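Shown next, in structure tokens, is the structure this report addresses.
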Amino acid sequence: MQTINVTDVIRKNSTFISMINRDSCQDVKKCYQCGKCSAGCPLAPFMDVLPNQVIRKVQLGMRNEVLNCESIWLCAYCSTCSVRCPRNIELAEVMDSLRILAQRENIRPKGRAKKVSIFNKGFLRSLKKYGRLHEFTTMLGFNIKSGKPFNNAETGLFMLTNGKLKLSVSSPRGMDEINRIFEKTEELEEKRP
Ligand code: SF4
Ligand code: SF4
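Right under this line is the structure:
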């Protein structure tokens, strides 16, 4: 049986580990795998890789495994894990950095993660275009992109007829600032090493 030298594996994947440490402003090697983050995470029952396992995979530089798991998309950034962590690791920041990297590398999320990714993109599109969340177009776009155009159609219609959903949308004051935030973010993204 082939034996694996963990030190060699970590050395080989050090670029990935440093990148996640830098982007998340955390030091993943501080984690000693107590599992308190996973025990308190409200989304853990739905995750394919538990939060402490995500950290472990990052520690070992298991780039493909971690960037392709659903958990990085399911994390709700609630920070319950960070509050419980005896090593003060902000796991939500690590999850966020992994999600951004997966998106940058055009890794297609699978399963439940796919829906989260579709919603995230729709939400940002609406924010960029209208300066706020336009529920009607966001949910319609979500339904179409997730392959279920008539999902919750009855509820949508009920809300529309009762004035709870609006077809029209007016941009808020401060739209210039919102545009500048998007421009600056895109500019920084282009300059990334
Ligand atoms: S709670 Fe902190 S130290 Fe414990 S496994 Fe989670 S990240 Fe690691
Ligand atoms: S921030 Fe993410 S990983 Fe941490 S407890 Fe919340 S959902 Fe779980």
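Throughout, my numbering is defined as the position within the sequence shown, counted from one, plus 564.
Backbone N, C-alpha and C fix where the C-beta goes; we use that ideal spot for every residue, glycine too.
Model, not experiment: these values are computed from the prediction.
Could you tell me how far apart the beta carbons of residue i and residue j are, in whole angstroms, since I believe they sit closer than 8 Å?
i: Lys593; j: Gln623; result: 6 Å
i: Met703; j: Gly675; result: At roughly 21 Å, the Cβ-Cβ gap does not stay under 8 Å, so Met703 and Gly675 are not in contact.
i: Leu631; j: Leu607; result: That pair is no contact at about 18 Å.
i: Ser588; j: Ser661; result: 4 Å
i: Lys709; j: Ile682; result: 5 Å
i: Gly625; j: Asn585; result: Contact flag wrong, Cβ pair sits at about 11 Å.
i: Met611; j: Ser635; result: 4 Å
i: Cys642; j: Cys601; result: Not confirmed; about 11 Å, so no contact.
i: Leu729; j: Phe700; result: 5 Å
Go ahead and pull the three-state DSSP assignment for residue i.
i: Ile653; result: coil
i: Glu634; result: coil
i: Leu624; result: coil
i: Arg643; result: The displayed chain sequence assigns Ser, not Arg, to residue 643. Ser643: coil per DSSP, three-state reduction.
i: Arg744; result: helix
i: Val658; result: helix
i: Ile584; result: helix
i: Gly675; result: coil
i: Glu669; result: coil
i: Lys692; result: helix
i: Asn577; result: coil
i: Gln617; result: helix
i: Leu729; result: coil
i: Leu607; result: coil
i: Arg648; result: helix
i: Gly738; result: coil
i: Asp572; result: helix
Would you report the Cα separation of residue i and residue j, rounded to the nearest angstrom?
i: Gln667; j: Glu657; result: 15 Å
i: Cys649; j: Arg737; result: 40 Å
i: Tyr694; j: Phe580; result: 36 Å
i: Gly604; j: Ile619; result: 15 Å
i: Arg575; j: Lys748; result: 35 Å
i: Ile745; j: Leu614; result: 33 Å
i: Val755; j: Asn684; result: Reading off the sequence, residue 755 comes out as Lys, not Val. Their backbone Cα atoms lie some 23 Å apart in a straight line.
i: Thr725; j: Leu731; result: 11 Å
i: Leu655; j: Phe714; result: 37 Å
i: Met739; j: Lys692; result: 9 Å
i: Cys598; j: Asp591; result: 16 Å
i: Asn743; j: Phe687; result: 15 Å
Strictly under 8 Å for the Cβ-Cβ distance: is residue i near chain C by that measure?
i: Asp740; result: No chain C appears in this structure, which consists of one protein chain only.
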